[in-house]
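What follows is a short report on a single structure.
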């Protein structure tokens, strides 16, 4: 499915952070990421790492929504960090809430291994012609 659109869902940053995609579709993306290696100086999951996970999931979903010959460009992301995660994995679920011709928006919920909400994010991508 991804190859037909020419999309590599794993960019360099996503790979280096250990993100693993679990479910891939335009409507819903699921991925997980280890806390270890993605922490701030106090040993807690870095808020920026949560944003990377959120934007990675939403961007791939948006690219799939856009379809062949189109690209998705992130134009806005916001995130609320609810609680710290110090070990294990965090899982992100990106759900498309708007899939228009020129804009696509995802709500992303990131939870810890105990299914507690760590972060809530929203990503909007602009759809443009490729090239």
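Numbering (the working numbering), first residue to last: 1 to 131.
The beta-carbon is built from N, C-alpha and C at its ideal position, and this holds for glycine as well.
Bear in mind that the values here come from a model prediction, so they are computed numbers and not experimental data.
Roughly how many whole angstroms lie between the Cα atoms of residue i and residue j?
| i | j | result |
| --- | --- | --- |
| residue 124 | residue 42 | 31 angstroms |
| residue 121 | residue 105 | 11 angstroms |
| residue 25 | residue 81 | 25 angstroms |
So, is residue i buried or exposed, given that buried needs 16 or more other C-beta atoms within 10 angstroms?
| i | result |
| --- | --- |
| residue 96 | buried |
| residue 55 | buried |
| residue 102 | exposed |
| residue 57 | buried |
| residue 75 | exposed |
| residue 16 | exposed |
| residue 73 | exposed |
Give every residue of the same chain whose Cβ lies closer than 6 angstroms to the Cβ of residue i, excluding the five residues on either side of it in the sequence, and list them in chain order.
| i | result |
| --- | --- |
| residue 44 | 84 and 86 |
| residue 117 | 82 and 111 |
Taking Cβ to Cβ, would you say residue i is nearer than 8 angstroms to residue j?
| i | j | result |
| --- | --- | --- |
| residue 71 | residue 51 | no |
| residue 29 | residue 23 | yes |
| residue 13 | residue 31 | no |
| residue 119 | residue 79 | yes |
| residue 99 | residue 59 | no |
Which residues in the same chain as residue i place their Cβ atom closer than 7 angstroms to its Cβ, once the five residues preceding and following it in sequence are excluded?
| i | result |
| --- | --- |
| residue 39 | 45 and 46 |
| residue 126 | 73, 75, 102 and 103 |
Closer than 8 angstroms by C-beta to residue i: which residues in its own chain qualify, once you throw out the five before and the five after it? Chain order, please.
| i | result |
| --- | --- |
| residue 130 | 69, 70 and 71 |
* To do: Flag this pair as touching only if the region 110–130 and the region 89–97 have three or more C-beta atom pairs under 8 angstroms; answer yes or no.
  => yes
* Counting pairs of Cβ atoms below 8 angstroms between the region 73–87 and the region 26–46, do you hit three or more? -> yes
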